[in-house]
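Q: Right, I'll just put the structure down here and ask away after.
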Amino acid sequence: MVDDTDGAEGQVTTPDGRTLSYLEVGNPGGPLVLHNHGGPSSRLEARLFADAAAARGLRFVCVDRPGFGRSTRQRNRTYRGWTEDLTTVADALGRHEFGVTGWSEGGPWALAAAAYLDPARLRHVSSLAPGSYGAFGDNWAAGRLSRADAFGGTLALRFRPGFHLMYAAVGLTATRFPRSYLKEVRKAVNDYDREILQQAHNAAAFADAGAECFAQGSEGLVRDADLLYRQWAFDVTAIERPVHLWQGLDDRLVPASINATVAERMPGAQWHPVPGAGHFVAVGCADEVFTIAAADLGAD
């Protein structure tokens with residue numbers, strides 16, 4: 057169940073008439089950070105970062121991507137198109153300069169922002185345990201993933217009806233049986249991540265964000281994955297501006313070797329490996345991530 061009192065809800069209308077919904081936490085008067093949520097997830101993911109954003113004086117805004125949560129579906133989605141949506145949100149919120157973060161499946165969208173947006177506007181980029189599965193070709197990292205995740209990538213690219221069914225099953229569990237959903241996540245991750253999810257606020261925020269992902273069904277998530285696993289339209293080896301790339305070295309969902317390769321081949325990468333951390337490095341290291349973001353954005 058969505059609790060609209062935990063953070064400020066808002067909507068922005070794009071030039072082509074779509075609605076982008078967001079949740080804002082932190083300091084409303086502070087520098088703007090636009091966050092790209094993971095998957096399955098939604099704008100409600102912002103609640104996982106509320107305390108850290110407030111402590112660093114940041115205005116932290118997580119936007120539902122098209123077809124997720126309350127944002128309008130979009131048939132022809134592209135990485136460049138989403139970066140234009142991010143600038144639309146920043147403009148609507150009255151900010152010329154802003155930062156971008158992205159976690160897990162949201163990580164590649166943060167990298168796209170680094171590739172496409174003017175550094176004079178985009179002052180900070182952090183990509184946190186990104187699902188970099190299409191960085192160097194279609195499903196290029198399949199050999200480094202678990203058998204189930206590699207198979208999911210194959211379905212996404214070659215048999216979309218099967219992929220729809222897979223995510224429909226996940227959506228049923230996330231929306232109807234949140235305790236089972238959390239139990240399955242805890243089984244898949246390491247002790248570092250489980251400790252984070254043992255905190256009641258984190259567990260509730262994560263479960264709510266996952267359930268809200270499926271408010272319009274699974275189509276948005278399927279379209280996301282198609283772009284995620286297919287060779288990206290932008291070249292990470294051409295990104296020279298600073299990009300902070302955070303990775304738990306014991307990540308059971310996105311193995312560290314995937315993003316270590318991205319860091320090696322991306323000229324602007326600022327590599328932040330975290331020993332013992334898992335996929336929830338984004339939450340566990342939020343203070344450190346936001347300290348750097350605040351400095352880049354000139355927060356007091």
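If you read the sequence shown in this note's numbering, its first letter stands for residue 57, the second for the next number, and so on. The C-beta atom is built at its ideal place from N, Cα and C for all residues, glycine as well. Here the structure is a predicted model, which is why all the values come from computation and not from measurement.
Could you tell me how far apart the beta carbons of residue 187 and residue 161 are, in whole angstroms, since I believe they sit closer than 8 Å?
A: 5 Å
Q: Give the straight-line distance between the Cα atoms of residue 280 and residue 113, rounded to the nearest whole angstrom.
A: When rounded, the distance between both Cα atoms is 31 Å.
Q: Classify residue 78 as helix, strand or coil using the three-state DSSP reduction.
A: strand
Q: Rounded to the nearest angstrom, what separates residue 92 and residue 168 at their Cα positions?
A: 11 Å
Q: Could you pull the start and end residues of the alpha helix (DSSP H) that residue 196 belongs to?
A: Taken as a continuous stretch (DSSP letters only), residue 196 belongs to no alpha helix (DSSP H), as it is neither H nor E.
Q: If residue 138 and residue 151 are in contact, beta carbons under 8 Å, what's the gap, nearest whole angstrom?
A: Actually they do not touch by this definition, with Cβ atoms about 18 Å apart.
Q: In the DSSP assignment, find the unbroken beta strand (DSSP E) run with residue 183 in it and report its ends.
A: 178 to 184
Q: Quick test of your reading: residue 180 and residue 343, contact by CB under 8 Å. State the CB separation rounded to the nearest angstrom.
A: The Cβ separation is near 15 Å, so there is no contact.
Q: Please state whether DSSP places residue 59 in a helix, a strand or coil.
A: Low local confidence applies: a pLDDT of 41 at residue 59 is under 50, so the model's placement there is unreliable, with the coordinate-based value given in what follows. Three-state result, residue 59: coil.
Q: Taking its Cβ as the centre, do 16 or more other Cβ atoms sit within 10 Å of residue 293, making it buried, or is it exposed?
A: Around the beta carbon of residue 293, a 10 Å sphere encloses fewer than 16 other beta carbons of the protein chains shown; the residue is thus reported as exposed.
Q: Give me, in chain order, the residues of the same chain whose beta-carbon lies closer than 6 Å to that of residue 323; leave out the 5 immediate sequence neighbours on both sides.
A: 296
Q: Residue 161 by DSSP, collapsed to three states: which one?
A: helix
Q: Grab the span of the beta strand (DSSP E) containing residue 299 for me, first residue to last.
A: 299 to 304
Q: Checking 8 Å against the spacing of the C-beta atoms, do residue 222 and residue 211 come in under that value?
A: yes
Q: If you draw a straight line from the alpha carbon of residue 194 to that of residue 350, how long is it in whole angstroms?
A: 35 Å
Q: Can you give me the Cβ contacts of residue 106 inside the same chain, cut-off strictly under 6 Å, excluding the 5 residues immediately before and after it?
A: 81
Q: Within 10 angstroms of its Cβ, does residue 60 collect 16 or more other Cβ (buried), or is it exposed?
A: The predicted model places residue 60 with a pLDDT of 40, which falls under 50 and marks its position as unreliable, so this point remains unresolved.
Q: For a minimum of 3 consecutive residues, which ranges assigned as the beta strand (DSSP E) are wholly contained in the stretch 99 to 159?
A: Counting only unbroken stretches of 3 or more residues, the beta strand (DSSP E) elements lying wholly within the stretch 99 to 159 are 115 to 119, 154 to 159, in sequence order.
Q: Rounded to whole angstroms, what's the CA-CA distance from residue 110 to residue 118? Just pull it up for me.
A: Using only the alpha carbons, I get a separation of about 14 Å.
Q: From the DSSP output, in three-state form, read off residue 329 for me.
A: strand
Q: With C-beta atoms as the reference, is residue 270 less than 8 Å away from residue 317?
A: no
Q: Exposed or buried, residue 332, counting other C-beta atoms within 10 Å across all chains shown (16 or more means buried)?
A: exposed
Q: Between residue 348 and residue 338, what straight-line distance do the alpha-carbon atoms span, to the nearest angstrom?
A: 13 Å
Q: Cα-Cα, which of 245, 135, 88, 108 is closest to residue 285?
A: 135
Q: Compare the Cα-Cα distances from residue 264 to each of 71, 102, 90 and report the closest residue.
A: 102
Q: In terms of residues, what are the limits of the alpha helix (DSSP H) holding residue 317?
A: 312 to 321
Q: For the alpha helix (DSSP H) containing residue 283, list its first residue and its last residue.
A: 275 to 285
Q: For the putative contact between residue 94 and residue 196, defined by C-beta atoms under 8 Å, what is the C-beta separation to the nearest angstrom?
A: About 20 Å separates the two Cβ atoms, so there is no contact after all.
Q: Under a Cβ-count criterion, where at least 16 other Cβ atoms within 10 Å of its own Cβ denotes burial, should residue 336 be classed as buried or exposed?
A: buried
Q: What does the alpha-carbon distance come out to for the pair residue 299 and residue 170?
A: 7 Å
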